[in-house]
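Take the sequence shown: its position 141, counting from 1, is numbered 203 in this note's numbering, and each next residue is one higher.
Have a look at the structure below before the remarks.
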Amino acid sequence: MTDSDSFFTVKAELDAILADANRPVDAKYRFYRCQCHPKCPDLIGWYLEVRPDDPETVMKVHKGVTGLYFFKFGMDPHIQKDEDRRALYNPIRLAALWLQSVEHYLLRGETLLVNSNGGMMPLDGVKILETVQSDKIDWDMRFDDEIVTICRWPEGRHWYLCSSKHRIFVPDKYDSYEEAHKVALRYVPADRLCVKENSGPLPPE
Numbered sequence: 063m064t065d066s067d068s069f070f071t072v073k074a075e076l077d078a079i080l081a082d083a084n085r086p087v088d089a090k091y092r093f094y095r096c097q098c099h100p101k102c103p104d105l106i107g108w109y110l111e112v113r114p115d116d117p118e119t120v121m122k123v124h125k126g127v128t129g130l131y132f133f134k135f136g137m138d139p140h141i142q143k144d145e146d147r148r149a150l151y152n153p154i155r156l157a158a159l160w161l162q163s164v165e166h167y168l169l170r171g172e173t174l175l176v177n178s179n180g181g182m183m184p185l186d187g188v189k190i191l192e193t194v195q196s197d198k199i200d201w202d203m204r205f206d207d208e209i210v211t212i213c214r215w216p217e218g219r220h221w222y223l224c225s226s227k228h229r230i231f232v233p234d235k236y237d238s239y240e241e242a243h244k245v246a247l248r249y250v251p252a253d254r255l256c257v258k259e260n261s262g263p264l265p266p267e
């Protein structure tokens, strides 16, 4: 095999992993409602199962985490005006560290649980209260005061979602405003949706 053949083989494998197409119906995501710590019985939340043999889910969540860190830290003017803080809270750096932490567990054969903010813990020893399967990566958590912003860069093609509750969205970008708007409505009613001011004009209704 030539270097060129090897390159295209690896690229094809990566493209398959990163494809945004929905999984087949029989390959569902599994979510657990967990009691996170025995000493804190009221600390309960929904977590996505991430298995060592499932790189596709790892990469999809990693893309969502990268977007979360960008909107949380990369767009914060207080961080961006300080060179040291900007380096410390660099979203690419933080997302790489997140992936490194995930790799630490998965390479040891451990299954991870990941919450809607990117927090993680090993499955082993966790008290499971409820199990749900879904064909979408959608943590079953809703907040009465959550605000979702639909945004797009000036002259940009894709639309993004940003949550006031620092929610991970998978996929992390959408081809049209209508598609992003439809996904946002799964989490909040229309009166808690807004459009980022510097994201360019809204498409015609």
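By construction, the Cβ of each residue, glycine as well, lies at the ideal position given by its N, Cα and C atoms.
Are the CB atoms of residue j and residue i within a distance shorter than 8 Å?
i: alanine 246; j: leucine 223; result: yes
i: tryptophan 108; j: aspartate 234; result: no
i: valine 176; j: leucine 255; result: no
i: threonine 173; j: valine 112; result: yes
i: leucine 159; j: histidine 228; result: no
i: asparagine 179; j: isoleucine 212; result: no
i: threonine 275; j: alanine 157; result: Only positions 63 to 267 of the chain appear in the structure, and residue 275 is not among them; the question remains open.
If you run the structure through DSSP and keep just helix, strand and coil, what is residue i?
i: threonine 193; result: strand
i: tryptophan 132; result: Going by the sequence as given, residue 132 is phenylalanine instead of tryptophan. Looking at phenylalanine 132 - three-state DSSP - the assignment turns out to be helix.
i: glycine 126; result: helix
i: threonine 211; result: strand
i: aspartate 146; result: helix
i: arginine 92; result: strand
i: leucine 159; result: helix
i: proline 100; result: coil
i: isoleucine 106; result: strand
i: proline 184; result: strand
i: leucine 168; result: helix
i: valine 176; result: strand
i: valine 303; result: In the structure as shown, the chain begins at 63 and stops at 267. Residue 303 is therefore absent and cannot be evaluated.
i: valine 245; result: helix
i: glutamate 111; result: strand
i: tyrosine 222; result: strand
i: tyrosine 239; result: helix
Among the options, which one has its Cα closest to the Cα of residue i?
i: proline 114; options: Lys143, Leu185 and Asn152; result: Leu185
i: lysine 101; options: Glu241, Gly181 and Lys189; result: Lys189
i: valine 123; options: Glu192, Glu165 and Gly218; result: Glu165
i: asparagine 62; options: Ile141, His243 and Leu191; result: Summary: the structure shown does not reach residue 62, with the chain confined to residues 63 through 267, and so no result is reported for it.
i: arginine 92; options: Glu192, Gly218 and Glu241; result: Glu192
i: glutamine 97; options: Arg248, Met183 and Glu241; result: Met183
i: lysine 258; options: Arg155, Arg214, Gly181 and Ile106; result: Arg214
i: glycine 171; options: Asp104, Ser226 and Pro117; result: Pro117
i: methionine 121; options: Glu217, Ala242 and Leu161; result: Leu161
Thinking residue i and residue j are a contact (beta carbons under 8 Å), I'd like their distance in whole angstroms, please.
i: valine 232; j: glycine 126; result: 5 Å
i: histidine 220; j: tyrosine 239; result: 10 Å between Cβ atoms; not a contact.
Three Cβ pairs or more, each shorter than 8 Å: is that satisfied between the segment 200-208 and the segment 134-145?
no
Please determine if the segment 143-157 and the segment 192-200 are in contact, where contact requires at least 3 C-beta pairs separated by less than 8 Å.
no
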